[in-house]
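*Asks:*
Residue numbers (the working numbering): 608 to 934.
#1: Exposed or buried, what is residue 734 when buried is set at 16 or more other beta-carbons lying within 10 Å of its beta-carbon?
#2: Would residue 668 be called buried (16 or more neighbouring beta carbons within 10 Å of its own) or exposed?
#3: By the 10 Å Cβ neighbour count, where 16 or more other Cβ atoms means buried, how is residue 915 classified, buried or exposed?
#4: Apart from the five residues just before and just after residue 875, which ones in its own chain have a Cβ nearer than 7 Å to its Cβ?
#5: Along the chain, where does the alpha helix (DSSP H) containing residue 670 start, and where does it finish?
#6: Over the uninterrupted alpha helix (DSSP H) stretch that includes residue 682, give me the two end residues.
#7: Which residues in the same chain have their Cβ closer than 8 Å to the Cβ of residue 664, if we skip the five residues on either side of it in sequence?
#8: Does the Cβ-Cβ distance between residue 890 and residue 688 come in under 7 Å?
#9: Tell me whether residue 775 is buried or exposed, calling it buried when 16 or more other Cβ atoms sit within 10 Å of its Cβ.
#10: Whole angstroms is fine: what's the gap from residue 653's alpha carbon to residue 682's?
#11: Based on Cα-Cα distance, which residue from 696, 724 and 812 lies nearest to residue 741?
#12: For a quick check, are the C-beta atoms of residue 856 and residue 917 less than 7 Å apart?
#13: Specify whether the segment 897-916 and the segment 866-880 touch according to this definition: at least 3 beta carbon pairs, one from each stretch, less than 8 Å apart.
#14: Could you spell out where the alpha helix (DSSP H) holding residue 825 opens and where it closes?
#15: From what residue to what residue does the alpha helix (DSSP H) around residue 886 run?
#16: Expressed to the nearest angstrom, what Euclidean distance is found between the alpha-carbon atoms of residue 720 and residue 824?
#17: Rounding to the nearest angstrom, what Cα-Cα distance links residue 677 and residue 838 in this structure?
#18: Alpha carbon to alpha carbon, what distance is there between residue 725 and residue 835?
#19: Straight-line CA distance for residue 746 to residue 626?
#20: For a quick check, are the C-beta atoms of residue 704 and residue 870 less than 7 Å apart?
#21: For the segment 682-729, which segments carrying the beta strand (DSSP E) assignment without a break, of at least 3 residues, lie completely within its bounds, in sequence order?
See below:
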């Protein structure tokens, strides 16, 4: 187990180094950092002095090593657009994005898994056809369209929910949350539903297909032959074996929720990292863009590592294969 984790950590470090190289390349080739930091009336001598101060005249390997060292220490530079340290900006935006992504994931799991189990156990019932049709709509419709329709119905026509923003937030010192206020909960309902809709449909269809496959296996038939009740066969044997791929997909999709919440945050003007990244693109704010890239990659790498370890713990066949007991 320890060797397995060490191998995964080495692979994760290699991936992060490649991503850091991409982020460093953005600094080198997407615009001139000096030109973006100074005004038009800055003299050539002042520009040259600033270039020397930033270390842009050093050899490229030295600059890359310094860049990696700064990133490891949490120093991501100064935002060209806002003029503040990028790590502070991300710390302010991170709670909003994480709360949105986690609530969307919980919504997708709590609703998607039971619906997938039901449609797998009763594939020919009319209710299963209704669920599958709704899930097909959830997968087919673009995220921004779902968000706009929700805003139109629940925000504009009915006036039940706010159409933008995060509502009132509570500052806990290390974390600002809207989950402790009623306006915060009202504000997050529609964005979380919009962001989680696609994941719900995906998880539901995955659980359904896995349940159908597992229910046809020999060990389930043998369990029935032993006289076990349907409830025990379905939930103790079939569902347990269904959860292995579900864990993998859910873990990877949580990273996708965080990384690709840009559209949802834009539609609802949700003050998270996605909206910050989109604004950074408009102003070619390279420090924010490269830091966002590294942070998203780090989230994906960490989730992949966690999923691999869970997969290893849940599926005994992997342990047997690695100890040489497999066929």
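All C-beta atoms, glycine included, are put in the ideal place defined by N, C-alpha and C.
*Replies:* Working from what's here:
#1: In the chain shown, the residue the question calls residue 734 occupies position 127. Residue 734 comes out exposed.
#2: By 1-based counting over the chain shown, the position of residue 668 is 61. The residue is exposed, with fewer than 16 neighbouring Cβ atoms inside 10 Å.
#3: In the chain shown, residue 915 corresponds to position 308, counting from 1. The residue in question, residue 915, is buried, as its Cβ has 16 or more Cβ neighbours within 10 Å.
#4: By one-based count along the chain shown, residue 875 stands at place 268. If the five residues before and after residue 875 are omitted, its C-beta is found closer than 7 Å to the C-beta atoms of 754, 771, 797 and 798, all from its own chain and listed in chain order.
#5: Within the chain shown, numbered from 1, the residue matching residue 670 stands at position 63. Here the alpha helix (DSSP H) through residue 670 covers 667-679.
#6: Stepping through the chain shown from its first residue, residue 682 is reached at position 75. It is not in any alpha helix (DSSP H) - residue 682 carries neither H nor E in the DSSP assignment.
#7: The residue labelled residue 664 in the question sits at position 57 within the chain shown. The residues are 658.
#8: Taking the chain shown and counting its residues from 1, the one referred to as residue 890 is at position 283. Taking the chain shown and counting its residues from 1, the one referred to as residue 688 is at position 81. Contact: yes.
#9: For the purposes of this step, residue 775 is identified with residue 168 of the chain shown, where counting begins at 1. By the neighbour-count rule (16 or more Cβ atoms within 10 Å), residue 775 is not buried but exposed.
#10: Locating residue 653 in the chain shown gives position 46, where the first residue counts as 1. Locating residue 682 in the chain shown gives position 75, where the first residue counts as 1. Rounded to whole angstroms, residue 653 to residue 682 spans 24 Å at the Cα level.
#11: As a first step, residue 741 must be located in the chain shown, where it is residue number 134. Among 696, 724 and 812, the Cα nearest to that of residue 741 is on 812.
#12: Within the chain shown, numbered from 1, the residue matching residue 856 stands at position 249. Within the chain shown, numbered from 1, the residue matching residue 917 stands at position 310. Contact: no.
#13: yes
#14: Numbered from 1 along the chain shown, position 218 holds the residue referred to as residue 825. Start and end: 825-832.
#15: As a working mapping, residue 886 is identified with position 279 in the chain shown. 880-889 is the extent of the alpha helix (DSSP H) around residue 886.
#16: Along the chain shown, read from residue 1 onward, the residue named residue 720 stands at position 113. Along the chain shown, read from residue 1 onward, the residue named residue 824 stands at position 217. In a straight line, the C-alpha of residue 720 is about 20 Å away from that of residue 824.
#17: As a first step, residue 677 is located in the chain shown; it is residue number 70 there, counting from the start. As a first step, residue 838 is located in the chain shown; it is residue number 231 there, counting from the start. If I take the Cα positions, the gap works out to 56 Å.
#18: Taking the first residue of the chain shown as position 1, residue 835 is located at position 228. Taking the first residue of the chain shown as position 1, residue 725 is located at position 118. Whole-angstrom Cα-Cα distance: 19 Å.
#19: Position 139 of the chain shown holds residue 746. Position 19 of the chain shown holds residue 626. Straight-line Cα distance between these residues: approximately 30 Å.
#20: Sequence index remark: in the chain shown, residue 704 carries index 97 (1-based). Sequence index remark: in the chain shown, residue 870 carries index 263 (1-based). Going by C-beta atoms, residue 704 is not nearer than 7 Å to residue 870.
#21: none
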